[in-house]
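Report on the structure given below.
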Amino acid sequence: MTLPIPLRLDDVVLTYPDGDRTLTALDHVDLDVARGEFTAVVGPSGSGKSSLLAVAAMLLTPGSGRVTVAGHDVSGAPQAVRTRIRRDHVGVVFQQSNLLASLTALEQLVVMAHIAGASPRAAAVRARELLVAVDMADKEHKRPHQLSGGERQRVNIARALMNRPEVLLVDEPTSALDHERGTRIVSLLADLTRENGLATVMVTHDLATLPLVDRVLTMADAKLSGELSEDGRRTNTDLLAAPMGVGE
Amino acid sequence: MFVALRDLRFAKGRFALMGAVVLLITLLVTMLSGLTAGLARENISAITELPADRIVFTTSGDSKPSFSDSRVTDTMWREWQRVPGVSTAERLGITMGRVASGERGTSAAVFGVENVRDGEVVLSSGLAEELDGKLDGNPGGKHTTVRILGRDFTVSATAGSASYSHAPVAWISIGDWQRTAGQDAVATVIALRTSGNPDLSGADARLGTTTVARDDAPAAIGSYSSENGSLQLMRGFLFAISALVIGAFFTVWTIQRRADVAVLKALGASTGYLLRDALAQAVVVLLLGAGIGGALGAGAGALAGNTVPFVLSAATTAVPVVVMILLGAAGAALAIRKITSVDPLTALGASR
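Shown next as structure tokens:
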């Protein structure tokens with residue numbers, strides 16, 4: 001049996017009303033991300049990167065086209081269904097870590113299981129495993145204000161993996177970190193993507209981390225582009241080959 | 001309740017402040033409820049404890065029944081005795097007057113009733129205590145004679161703790177009442193015991209009277225209506241204030257939590273989950289605040305019960321607590337509905 005592509009966008013168009021005119025945020029975008037594949041989307045501000053992520057996370061519904069997540073066509077799905085699919089199949093790593101101030105590092109993860117109605121005991125075991133995976137085992141009782149930016153981002157990543165998602169959507173994970181910490185975070189994401197067979201899409205400005213990903217796509221003027229490779233998929237090989245340390 | 005309980009623990013100062021407000025309002029409402037019931041008891045118990053199910057008043061025009069204005073004639077009384085379905089129709093005369101024993105005297109409600117012998121008086125325990133404190137229903141005791149409205153009566157017993165219009169009660173015979181009160185009426189009202197389904201409105205129309213249920217008769221005591229109405233209004237305002245205060249607190253709290261709510265929604269929490277979580281948080285604060293406030297109110301009422309009229313019962317303690325919780329939860333529910341409008345998209349970096 002062939003497992004479905006975890007994330008697929010077919011001819012997606014997303015527009016916003018902007019006064020008297022209409023802004024196009026995604027212009028006939030096609031994207032598919034395979035299991036274990038780490039895809040980066042780069043582009044200038046306002047190019048549509050965040051809109052792409054929001055559509056993939058089912059937080060925005062496109063005007064046309066089809067969005068398939070974990071085999072579910074969610075294009076016209078009601079909000080409750082999209083919320084459930086996001087909860088069960090999608091992990092989101094936010095730009096700011098967005099940790100809840102009242103929860104410890106461990107609880108930031110356990111709450112995900114609580115939202116999904118899972119057993120608290122099993123959730124605690126899973127949460128501790130993930131904190132070990134992101135090298136935060138000794139900080140499980142710390143609250144966000146007691147953690148550094150990099151540590152918060154590690155908890156943010158672990159939280160996204162809590163419900164064993166198939167799709168991992170990552171929004172500018174290094175924007176609040178220095179170069180060294182940013183590289184470590186992206187390296188961690190790359191490892192987790194491969195170890196867990198995730199279909200990961202990372203929106204980033206940070207070109208220095210691109211050699212760590214499998215594929216790079218460019219977003220410009222609401223269009224997603226890349227050179228067509230041998231397997232019929234698009235990528236930007238020049239960016240992929242950019243030496244570490246080059247970029248913003 | 002996962003996030004709710006941890007928020008409570010994390011922001012304990014803010015929630016303690018809110019809980020203290022709920023506690024104080026509940027304490028006030030509980031004490032006011034006990035006092036209202038106590039004052040009402042002192043106002044109406046002689047009426048509500050009557051062995052009757054209907055009270056007949058005379059009224060003129062569209063006026064409401066009033067104990068102070070009602071005057072029953074002999075004809076009315078005899079006609080009411082003949083109404084089918086009326087088992088007994090007893091005359092009841094009510095006059096406020098001075099009751100004295102030796103040099104000690106006090107104001108009392110003098111009730112003329114049919115089951116006391118001429119020349120004798122039955123004193124309520126409150127009146128007996130005010131006069132001497134040693135009568136205790138002993139007709140051969142130290143004070144066998146009391147003076148009521150200038151006439152001497154022999155104390156035959158003390159019975160019950162009834163009071164009327166905040167005064168203790170002395171029961172004398174209806175004949176003595178007619179002579180002592182100096183009124184041309186045979187009674188103030190008629191106390192009916194009925195069976196079946198008598199045509200009371202037909203009899204009222206024919207005889208020019210107004211019949212009300214015994215438990216509705218206190219409204220005909222002028223001081224009761226105004227006093228009880230004012231106290232109930234205060235109680236109502238306190239309930240409304242508590243709902244508004246709790247609603248205001250949770251409105252601000254929900255606004256402060258909008259970013260967290262957006263994150264939880266973006267992570268897959270349903271709106272229903274978040275609403276339940278937030279409402280549970282409010283209910284915990286209300287349960288603790290109102291529970292402790294109600295318990296303190298009951299304790300204070302029990303201590304004050306010897307010096308002020310205070311009724312300690314489920315109706316004056318548990319009911320205000322439950323009403324506080326329900327109204328507070330309603331106020332909180334209105335406040336936290338803002339959760340439904342939080343857009344999870346705001347959790348993504350581009351929009352924050």
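Heads up: the protein sequence lines correspond to chains A and B, in order.
In terms of our numbering, the first sequence is residues 1 to 248.
In terms of our numbering, the second sequence is residues 1 to 352.
Glycine residues also receive a C-beta, built at the ideal position from the N, C-alpha and C atoms.
*Anything in chain A within Cβ reach of B:A347, meaning under 7 Å, just list it in chain order.*
F94, N98
*DSSP on B:K142, reduced to helix/strand/coil?*
Any reading at B:K142 needs caution, since the residue's pLDDT is 49, under 50, leaving its predicted position unreliable; the model's value is listed next. The three-state secondary structure of B:K142, taken from DSSP, is coil.
*Interface residues of chain A around B:F250 at Cβ under 8 Å?*
Those do not exist, as B:F250 stays about 16 Å from chain A at its closest Cβ, beyond 8 Å.
*Inter-residue CB distance, B:M234 and B:V22 (contact presumed, cutoff 8 Å)*: Incorrect: roughly 18 Å between the Cβ atoms, too far for contact.
*Please determine, among B:F15, B:R179, B:A11, the residue with the shortest C-alpha to C-alpha distance to B:V283.*
B:F15
*May I ask you to report which of helix, strand or coil DSSP gives A:V55?*
In the structure shown, A:V55 sits in a helix (DSSP, three-state: H, G or I).
*Quick one: what's got a C-beta closer than 7 Å to B:G150's C-beta in the same chain, skipping five residues either side?*
none
*Beta-carbon of A:M219 versus every beta-carbon of chain B: anything under 8 Å?*
no
*With a cut-off of 8 Å on the beta carbons, I'd call B:F67 and B:A220 a contact; round off their distance for me.*
Their Cβ separation, rounded to whole angstroms, is 5 Å, which keeps B:F67 and B:A220 in contact under 8 Å.
*Terminal residues of the beta strand (DSSP E) in which A:T39 lies*: 37-42
*Taking Cβ to Cβ, would you say A:V111 is nearer than 8 Å to B:V263?*
Not closer than 8 Å, so no.
*May I ask you to list the residues that DSSP assigns as paired with A:V93?*
A:V170
*If the cut is a Cβ gap below 7 Å, which residues of chain B does A:T83 touch?*
The contacting residues are G268, S270.
*Please name the residue in B:G291, B:D74, B:I292 whose C-alpha comes closest to that of B:Q178.*
B:D74
_Run of the alpha helix (DSSP H) containing A:M250, from where it starts to where it stops_ = Since the first residue of chain A shown is 1 and the last is 248, residue 250 of chain A is not available in this structure.
*Shorter than 8 Å from the beta carbon of A:H114 to some beta carbon of chain B?*
yes
*Does the beta-carbon distance from B:L267 to A:V55 come in below 8 Å?*
With contacts defined as CB atoms closer than 8 Å, B:L267 and A:V55 fail to qualify as a contacting pair.
_Under 7 Å by beta carbon: chain A residues contacting B:Y273_ = I115
*To which residues of the same chain is A:A160 closer than 7 Å at the C-beta, ignoring the five residues directly before and after it?*
G91, V92, V93, L168
*Should A:S64 and A:V132 be called a contact, given that it needs their Cβ atoms to be closer than 8 Å?*
no
*For A:A220, the residue or residues it bridges with in DSSP*: A:K223
_Simplified DSSP state of A:L130, which is helix, strand or coil_ = helix
_Cutoff 8 Å: B:R6 Cβ touching any chain A Cβ_ = yes
*In or out: B:R9 buried (at least 16 other Cβ within 10 Å) or exposed?*
exposed
*Under three-state DSSP, which class holds B:A117?*
Per the sequence shown, residue 117 of chain B should be read as Arg rather than Ala. DSSP places B:R117 in coil when its eight states are reduced to three.
_Cβ-based burial, A:H145 [other Cβ within 10 Å; buried from 16]_ = exposed
*What three-state label does DSSP hand A:D206 in the structure shown?*
In the three-state DSSP reduction, A:D206 falls in the coil class, being neither helix nor strand.
*Kindly list, in the order they appear in chain B, the residues whose Cβ is closer than 8 Å to that of A:R128.*
Within chain B, no residue comes near A:R128; the closest Cβ sits about 17 Å away, beyond 8 Å.
*Is there contact between the segment 91-111 of chain B and the segment 173-189 of chain B, where contact requires at least three CB pairs shorter than 8 Å?*
yes
*Quick one: what does DSSP say A:V213 is sitting in, helix, strand or coil?*
coil
*Between the Cα of A:R215 and the Cα atoms of A:T15, A:L177, A:E37, which residue gives the shortest distance?*
Of the listed residues, the one whose Cα sits closest to A:R215 is A:E37.
*Residue nearest to A:I115 in terms of C-alpha spacing, selected from B:T158, B:D216, B:G272*: B:G272
*asked:* Taking 8 Å as the threshold (beta carbon to beta carbon), is B:F2 in contact with chain A?
replied: Yes, its Cβ sits closer than 8 Å to a Cβ of chain A.
_DSSP three-state label for A:H179, please._
helix
*Please name the residue or residues paired with B:T210 in a DSSP beta bridge.*
B:F57
_I'd like to know if the segment 274-293 of chain B and the segment 317-334 of chain B are in contact, where contact means that at least 3 CB-CB pairs between them fall below 8 Å._
yes
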